[in-house]
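What follows is a single structure, written as structure tokens, with notes after it.
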Amino acid sequence: MHIVFVISNESSVPYFKWFAEKAAQQKEHKFSFVTLYTEKPKMIEDVGKYGWDCYWYKFDHHKRKRGMVRAFFQLYSLFKKLKPEVVHTHLFDDSFPGLMAARLAGVKKRVVTKQDTTFHYFYAPKWVFADKINNKNATHLVPVSKEAEKFIIEKENAPVDKITMIHHGIPPEIFTQQSETYKKEIIEKYQLAGKKIIGTVARLIEWKGYRYIVEAIPEVIAKHPDALFLFVGQGNQKEELQQLAEKLNVLEYIVFTGWVDRTYIPSLYALLDVYAHAANYEPFGFVIPEAMMNAAPVVSTPTGSALDAIQHKQNGYLVNYKDAASMAEGINYTLEYGADFKEKGQKTALEMYNFERMWNSYINLYIKT
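The opening position of the sequence shown corresponds to residue 305 in this note's numbering, with each subsequent residue numbered one higher.
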């Protein structure tokens with residue numbers, strides 16, 4: 305079976321590389337990869353070293369409409385040439401031209417992973433009609449969480465008989481590589497010794513919910529004056545968050561780390577007493593399984609991978625959306641009573657969000673009649 309993966313606006317995608325490696329090991333199915341990107345992508349090298357072809361078509365998302373028209377004709381020609389059994393798209397900018405091109409090129413199985421579910425509905429409503437067109441052109445729709453599945457049924461009128469929910473998966477052997485040396489470096493660099501550490505790894509943007517974590521800090525430090533909040537990431541909301549923290553007199557309890565090298569992240573997770581996640585409606589959220597696999601107790605809004613994995617007060621703690629008081633209560637509870645969340649959460653994540661499970665689920669979907 306020949307499967308073509310298509311994605312837009314990404315130079316490299318980790319799980320594309322994992323699929324390329326796994327497929328090369330098993331040698332049962334042929335994979336090809338396509339990326340729509342502004343410049344020569346790293347993906348060519350990532351999948352090429354496993355013997356797979358990667359096709360690159362220049363695409364500028366700032367000129368979306370024109371780019372999609374061009375991409376449609378390029379992808380149509382490619383699919384007619386390759387004659388794959390499956391075309392699998394992943395983001396809107398590749399799905400809109402890709403699924404249409406695959407359908408007209410006679411590709412029988414057209415799969416779309418609904419990775420950016422909700423974006424148009426909340427931030428660009430005029431494009432929701434196009435999400436519905438994608439649902440029509442696809443033969444299989446794959447939401448990445450139960451929440452996302454519910455959303456595409458209710459808001460995009462997705463046909464239930466096309467839907468197969470498949471969680472994203474990550475290789476534990478990669479994402480749990482902790483280092484005692486890295487831990488010591490992190491502790492020294494951010495002066496974490498003797499602190500109760502509450503961390504968040506996400507871009508500093510509005511919908512990630514950082515403001516509700518900042519607003520929760522006064523209640524947390526009232527009970528835990530040794531608490532320190534690590535905000536790991538970059539984004540245009542940093543100044544706004546700093547001003548909010550100054551207004552609440554809690555800026556001294558926050559460390560804005562900026563960008564942190566990926567190799568340090570598992571060690572950082574392992575140092576956390578709480579991983580706090582306040583995002584508003586996230587289709588999946590890789591940081592949740594990453595944190596849980598590294599035994600960080602998670603306090604999260606009930607969204608994406610968190611909602612599917614966490615049993616409240618059993619292996620984690622769920623808080624209300626846009627609710628600083630609820631976040632503070634969750635952090636305080638977890639600091640005091642959440643010791644069991646470490647092992648139980650880790651066990652859950654290793655079972656639910658393992659890459660092997662994701663691989664098997666997709667292969668079964670591809671071969672399903």
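Glycine residues also receive a C-beta, built at the ideal position from the N, C-alpha and C atoms.
1) Over what stretch of residues does the beta strand (DSSP E) that includes Trp-360 continue unbroken?
2) Hey, how far is the Cα of Asp-627 from the Cα of Tyr-319?
3) Which runs of the alpha helix (DSSP H) at least 4 residues long sit entirely within the region 565-637? Give them in chain order.
4) Name the residue from Tyr-579, Ala-629, Asn-658 whose alpha carbon lies nearest to the alpha carbon of Asn-619.
5) How far does the alpha helix (DSSP H) with Ala-643 in it reach, from first residue to last?
6) Under a three-way DSSP split, which group does Ser-449 fall into?
7) Is the region 508-516 close to the region 567-582, with three or more CB pairs under 8 Å?
8) For the candidate residues Asp-350, Tyr-341, Ser-316, whose alpha-carbon lies nearest to that of Ala-328?
9) Mind checking Trp-563: buried by the 16 CB within 10 Å criterion, or exposed?
10) Terminal residues of the continuous alpha helix (DSSP H) containing Val-432?
11) Nearest-angstrom Cα distance between Pro-570 and Met-596?
12) List the whole-angstrom C-beta distance separating Ser-449 from Leu-611, where the pair is believed to meet the contact cut-off of C-beta under 8 Å.
13) Going along the chain, which residues of its own chain have a beta-carbon closer than 6 Å to the beta-carbon of Ala-409, five neighbours each way excluded?
14) Would you call Phe-533 buried or exposed, if buried means 16 or more other Cβ atoms sit within 10 Å of its Cβ?
15) Would a C-beta distance cut-off of 8 Å place Met-347 and Ser-312 closer than the cut-off?
16) Among Gln-541, Ala-613, Tyr-557, whose alpha-carbon lies nearest the alpha-carbon of Ile-525?
17) Determine the DSSP secondary structure at Thr-480, reduced to helix, strand or coil.
18) What residue range does the alpha helix (DSSP H) around Ser-312 cover?
19) Throw me the rounded Cβ distance for the Thr-607 and Tyr-621 pair, which I believe falls under 8 Å.
20) Candidates His-616, Gly-649, Lys-646: which alpha carbon is nearest Gly-634's?
21) If you drop the 5 nearest sequence neighbours on each side, which residues of the same chain put their C-beta closer than 6 Å to that of Leu-340?
22) Taking the continuous alpha helix (DSSP H) assigned at Lys-370, which residues delimit it?
23) According to DSSP, which residues form a beta bridge with Lys-413?
24) Return the CA-CA distance between Ala-452 and Ile-614, expressed in angstroms with no decimal places.
25) Would you tell me roughly how many angstroms separate the C-alpha atoms of Gly-355 and Ile-478, rounded to the nearest one?
26) Considering only DSSP beta bridges, list what Ala-555 is partnered with.
Looking at the atomic coordinates:
1) Run containing Trp-360: 357-362, per the beta strand (DSSP E) assignment.
2) Rounded to whole angstroms, Asp-627 to Tyr-319 spans 33 Å at the Cα level.
3) Correct list: 569-575, 591-597, 608-613.
4) Closest by alpha carbon: Tyr-579.
5) Its alpha helix (DSSP H) spans residues 643-656.
6) Under the three-state reduction of DSSP, Ser-449 is assigned to coil, being neither helix nor strand.
7) Short answer: they touch.
8) Residue nearest to Ala-328 within the set Asp-350, Tyr-341, Ser-316 is Asp-350 (criterion: CA-CA distance).
9) Burial check for Trp-563: the Cβ neighbour count within 10 Å stays below 16, so the residue is exposed.
10) Bounds of the alpha helix (DSSP H) holding Val-432 are 432-441.
11) One C-alpha to the other measures close to 10 Å.
12) Taking a contact as a CB-CB distance under 8 Å, the pair Ser-449 and Leu-611 counts as one, their CB atoms being some 7 Å apart.
13) Apart from sequence neighbours up to five positions away, the residues of its chain that approach Ala-409 with a beta-carbon distance below 6 Å are Tyr-380, Phe-383, Lys-384, ordered along the chain.
14) The residue in question, Phe-533, is buried, as its Cβ has 16 or more Cβ neighbours within 10 Å.
15) It is not a contact, given that the beta carbons lie outside the stated cut-off.
16) Comparing C-alpha distances from Ile-525 to each of Gln-541, Ala-613, Tyr-557 shows the shortest one belongs to Tyr-557.
17) Correct three-state label for Thr-480: coil.
18) Premise fails: Ser-312 lies in the beta strand (DSSP E), 306-312, not in any alpha helix (DSSP H).
19) The Cβ separation is near 14 Å, so there is no contact.
20) In this structure, His-616 is the residue among His-616, Gly-649, Lys-646 with its C-alpha nearest to the C-alpha of Gly-634.
21) Same-chain partners within the cutoff: Ser-312, Tyr-361, Phe-363, Ala-375, Asp-398.
22) Per the sequence shown, residue 370 should be read as Arg rather than Lys. If you look at Arg-370, you'll find it in the alpha helix (DSSP H) that goes 368-386.
23) Note: Lys-413 sits in a beta bridge opposite Val-390.
24) So the two alpha carbons sit approximately 16 Å from each other.
25) Straight-line Cα distance between these residues: approximately 22 Å.
26) Note that residue 555 is Leu in the sequence shown here, rather than Ala. DSSP output for Leu-555 lists no bridge partner at all.
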